[in-house]
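As you go down the protein sequences, you meet chains A and B in turn.
The first sequence runs 1 to 266 under the UniProt record's numbering.
The second sequence runs 1 to 424 under the UniProt record's numbering.
Here's the structure, in structure tokens; my notes come after.
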Amino acid sequence: MFPELNNLLNTTPDRAEQGKLTLLCDAKTDGSFLVHHFLSFYLKANCKVCFVALIQSFSHYNIVGQKLGVNLTMARERGQLVFLEGLKSAVDVFFQPQEKPHPLQFLREANAGNLKPLFEFVREALKPVGSGEAGWTYPVLLVDDLSVLLSLGLGAVAVLDFIHYCRATVCWELKGNVVVLVHDSGDVEDEENDILLNGLSHQSHLILRAEGLATGFCRDVHGQLRILWRRPSQSTSQRDQSLTYQYKIQDRSVSFFAKGMSPAVL
Amino acid sequence: MAAVATCGGDAGSAGSAVATASKSNVTSFQRRGPRASGTNDSGPRLVSITGTRPSVRNGQLLVSTGLPALDQLLGGGLAVGTVLLIEEDKYNIYSSLLFKYFLAEGIVNGHTLLVASANEDPANILQELPAPLLDDNCKKEFDEDVYNRKTPESNIKMKIAWRYQLLPKMEIGPVSSSRFGHYYDASKRIPQELIEASKWHGFFLPEKIPSTLKVEPCSLTHGYIKLLQFIQNIIYEEGFDGSNPQKKQKNILRIGIQNLGSPLWGDDICCTENGDSSHSLTKFLYVLRGLLRTSLSVCIITMPTHLIQNKAVIAHITNLSDIVVGLESFIGSERETNPLYKDYHGLIHIRQIPRLNNLVCDESDVKDLGFKLKRKLFTIERLHLPPDLSDTVSRSSKQDLAESAKRLGPGCGMMAGGKKHLDF
Numbered sequence: 001m002f003p004e005l006n007n008l009l010n011t012t013p014d015r016a017e018q019g020k021l022t023l024l025c026d027a028k029t030d031g032s033f034l035v036h037h038f039l040s041f042y043l044k045a046n047c048k049v050c051f052v053a054l055i056q057s058f059s060h061y062n063i064v065g066q067k068l069g070v071n072l073t074m075a076r077e078r079g080q081l082v083f084l085e086g087l088k089s090a091v092d093v094f095f096q097p098q099e100k101p102h103p104l105q106f107l108r109e110a111n112a113g114n115l116k117p118l119f120e121f122v123r124e125a126l127k128p129v130g131s132g133e134a135g136w137t138y139p140v141l142l143v144d145d146l147s148v149l150l151s152l153g154l155g156a157v158a159v160l161d162f163i164h165y166c167r168a169t170v171c172w173e174l175k176g177n178v179v180v181l182v183h184d185s186g187d188v189e190d191e192e193n194d195i196l197l198n199g200l201s202h203q204s205h206l207i208l209r210a211e212g213l214a215t216g217f218c219r220d221v222h223g224q225l226r227i228l229w230r231r232p233s234q235s236t237s238q239r240d241q242s243l244t245y246q247y248k249i250q251d252r253s254v255s256f257f258a259k260g261m262s263p264a265v266l
Numbered sequence: 001m002a003a004v005a006t007c008g009g010d011a012g013s014a015g016s017a018v019a020t021a022s023k024s025n026v027t028s029f030q031r032r033g034p035r036a037s038g039t040n041d042s043g044p045r046l047v048s049i050t051g052t053r054p055s056v057r058n059g060q061l062l063v064s065t066g067l068p069a070l071d072q073l074l075g076g077g078l079a080v081g082t083v084l085l086i087e088e089d090k091y092n093i094y095s096s097l098l099f100k101y102f103l104a105e106g107i108v109n110g111h112t113l114l115v116a117s118a119n120e121d122p123a124n125i126l127q128e129l130p131a132p133l134l135d136d137n138c139k140k141e142f143d144e145d146v147y148n149r150k151t152p153e154s155n156i157k158m159k160i161a162w163r164y165q166l167l168p169k170m171e172i173g174p175v176s177s178s179r180f181g182h183y184y185d186a187s188k189r190i191p192q193e194l195i196e197a198s199k200w201h202g203f204f205l206p207e208k209i210p211s212t213l214k215v216e217p218c219s220l221t222h223g224y225i226k227l228l229q230f231i232q233n234i235i236y237e238e239g240f241d242g243s244n245p246q247k248k249q250k251n252i253l254r255i256g257i258q259n260l261g262s263p264l265w266g267d268d269i270c271c272t273e274n275g276d277s278s279h280s281l282t283k284f285l286y287v288l289r290g291l292l293r294t295s296l297s298v299c300i301i302t303m304p305t306h307l308i309q310n311k312a313v314i315a316h317i318t319n320l321s322d323i324v325v326g327l328e329s330f331i332g333s334e335r336e337t338n339p340l341y342k343d344y345h346g347l348i349h350i351r352q353i354p355r356l357n358n359l360v361c362d363e364s365d366v367k368d369l370g371f372k373l374k375r376k377l378f379t380i381e382r383l384h385l386p387p388d389l390s391d392t393v394s395r396s397s398k399q400d401l402a403e404s405a406k407r408l409g410p411g412c413g414m415m416a417g418g419k420k421h422l423d424f
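Spelled out as structure tokens, the structure:
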């Protein structure tokens, strides 16, 4: 986790909020550093984490996690982390016939399927096991990323349904958190992605949006992060609070600064 | 701290509900660091494969693309287990040349090749590979070539383009003792002995027997299903995924797929905007990447993206690939006669570089790159420097500048891009 980002979000692993949906969004840049941040944050907060990693392999997250101070292999061995490796499972589900429904069953289906098997997997992974377990604080679902599901043939409605079910189970029933990443296609006309992004934006409590700079590539400022706090259930009589910072990604951390205040510029 | 690199340590942990069947998984994403004494010492397996080298950034195993200039731009080479997607130029001239360089590099290094094509027999593709320039017999000729070109200018300090003189030169000649990255002579064919000594598998779509895989009929295009099965068979039988422990010498499998997405593969993504098999190609890429990540292989795909009707699909394909390089040749376009581009054959755009095992990636600062193909060399050079905005610089007429700026398009910042009207 990045200490500077914790300061900006005003949280620490000890006193994070529960029952929240966080939406990570990136437009014209790579927002995966936010996923690494939240993964290490919740592991340090002693939560039970279910990570649906659809886009990279386990060792990728493991190696970056070690730079951030968490050991994913050990977390997996002691049961704190349930890791669904999308790429490896896709090979299994594609080449071998499965007896029982596999979480990525939709890869074998011709027309737009649904994500019910994946939801069953998540629910199974995060359900509280008897009283004798080493007490994890609360469950967390992390998905990287949802746009892959759209590009593999699922409709935006199917993905929204999946998130709805997950929210009902994880956030409301189990008092945990859900963090998802969606790519914003920007000026490319991608209707399904826009529907998904808008739908999720309305349901989220916290939106972190990583954008490329409007003036193009810069070596010292990698992008801009917009943080938006929302209260989706209450009436919006009060304004949602929004902050914008610019950031530079380094080898082991990310440094944030106010717009125009990059150390390289000053 | 426990060692990071354990060959085959991935499978077997109890927590994962989807543990795979194979016992030992070889992934190439390992950091080759010092091992703890407790773990079983399986030896530095990944070091001794010819034609590979570890990345300086994170120890990732890299292979050469066949073009040392491109290797430099990609941060040292192509990581094993990744996909290099080349967006073809309009007449598929230079992209097929890059494809051939990749395969020729595999032959020179002794890697196993897998060539897949729907329109050309792989045996013919291999016959047309360029001949490698091996250092001793060609260095003399090359030196003469460089000498002739350089004599008039070498002693004159640059008066006008003085900013270019201050920059380090990009490497343009064959390095004498390089075993990573070779140069090729595009005008000569590869010697027959080299092809015969190499191990290769060909996949020519019109010749393949129907598949026996029980997949729903419309889930993936038939050609893609056959190709995936073929690749998986080769990987499994030849032990590239670590499933054959008796194999002593590890090797890399270089997969080359030509013109993926064209109608010859049975895919209609280039013909209509919302066809029946609109997700066939993306599913194929996803499963292919899954196969690559769990084996010692690397893949190059050329794709005619300029023909794809639905632009959202190109964004999906980019997200599902690791490295994306776009080629734009000047043939037939108005830029051929533009004096700005007279030395070059086209532009090359590095659209995406992956961040593997890392928060950062080796992005090159230079975004305007042009390429030119000479007989023995495919060079990639920066086109120009951004304008010098200090007050003492005298400018040429504003008209010329505006014209050339419009032609350059979104030259800077494809990766962290911005609104188009602000580019200059």
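The C-beta atom is built at its ideal place from N, Cα and C for all residues, glycine as well.
As the structure is a computational prediction, the values presented were derived from the model and not from experiment.
Among the residues facing chain B, residue 190 of chain A is included, as its CB has a counterpart in that chain under 9 Å away. Within the stretch 92-120 of chain A, 92, 94, 95, 96, 97, 102, 103, 107, 108, 109, 110 and 111 place their CB atoms closer than 8 Å to a CB of chain B, listed in sequence order. The beta carbons of residue 254 of chain B and residue 103 of chain B sit about 7 Å from each other, so the pair counts as a contact at 8 Å.
Look at the stretch 277-291 of chain B: the residues with a C-beta under 7 Å from a C-beta of chain A are 279, 282, 283, 286, 287, 289, 290 and 291.
Here residue 44 of chain A carries a helix assignment [DSSP, helix/strand/coil].
By the neighbour-count definition (other C-beta atoms within 10 Å, threshold 16), residue 243 of chain A is an exposed residue.
About 4 Å separates the beta carbons of residue 117 of chain B and residue 258 of chain B, which is inside the 8 Å limit, making them a contact pair. Contact annotation, residue 115 of chain A with residue 158 of chain A: C-beta distance approximately 6 Å; criterion of less than 8 Å satisfied.
9 Å or more divides the Cβ of residue 250 of chain A from the Cβ of residue 225 of chain A. Excluding the 5 residues flanking it on each side, residue 240 of chain B has same chain C-beta neighbours closer than 7 Å at 253, 295, 296 and 297, in chain order. Straight-line measurement puts the Cα of residue 163 of chain A at about 36 Å from the Cα of residue 219 of chain A. Between residue 357 of chain B and chain A, the shortest Cβ-Cβ separation is below 9 Å.
B:105 is the residue among B:48, B:50, B:71 and B:105 whose C-alpha sits nearest the C-alpha of residue 256 of chain B. Against chain A, the beta carbon of residue 182 of chain B has no neighbour under 7 Å; the closest one sits roughly 30 Å away.
Across the stretch 43-64 of chain A, CB contacts with chain B closer than 7 Å involve 57, 58, 59, 60, 63 and 64, in sequence order along the chain. The C-alpha of residue 363 of chain B is placed about 20 Å away from the C-alpha of residue 315 of chain B.
Residue 262 of chain B sits in coil when the DSSP states are folded into three classes, being neither helix nor strand. Under the DSSP assignment, residue 22 of chain A falls in the beta strand (DSSP E) whose first and last residues are 21-27. Under the 9 Å criterion on CB atoms, residue 250 of chain A is classed as interfacial with respect to chain B.
Counting along the chain, residue 299 of chain B sits inside the beta strand (DSSP E) bounded by residues 297-303. Using a CB distance below 7 Å, the part of the stretch 150-163 of chain A facing chain B consists of 151, 152 and 153, ordered along the chain. Within the DSSP bridge table, the entry for residue 159 of chain A names no partner. Chain A places no beta carbon closer than 9 Å to that of residue 227 of chain B, leaving this residue out of the contacts. What residue 90 of chain A touches in chain B, judged by beta-carbon distance under 8 Å, is 286, 287 and 290, going in chain order. Those residues of the stretch 320-353 of chain B placed with their C-beta closer than 8 Å to a C-beta in chain A are 320, ordered along the chain. For the pair residue 300 of chain B and residue 65 of chain B, the CB atoms are nearer than the 9 Å cut-off. Identification of residues in the stretch 360-387 of chain B having a C-beta nearer than 7 Å to some C-beta of chain A yields 360, 365 and 367, given in sequence order. Counting the other CB atoms within 10 Å of its CB gives residue 47 of chain A a total of 16 or more, which places it among the buried residues.
A check of alpha carbon separations from residue 214 of chain A across A:96, A:260 and A:198 identifies A:260 as the nearest. Here residue 56 of chain B is exposed, its C-beta having fewer than 16 other C-beta atoms within 10 Å.
For residue 317 of chain B, the closest of A:55, A:64 and A:17 by C-alpha to C-alpha distance is A:55. Linking residue 372 of chain B to residue 202 of chain B through their CA atoms gives a straight-line distance of about 30 Å. An exposed status is given to residue 91 of chain B, since fewer than 16 other beta-carbon atoms sit within 10 Å of its beta-carbon. Beyond the five residues adjoining it in sequence on each side, residue 107 of chain A comes within less than 7 Å, by CB distance, of 90, 93, 94 and 152 in the same chain, given in chain order. The CB of residue 185 of chain A comes closer than 8 Å to the CB of 312 and 315 in chain B, given here in chain order. For residue 48 of chain B and residue 111 of chain B, the gap between their C-alpha atoms comes out near 13 Å.
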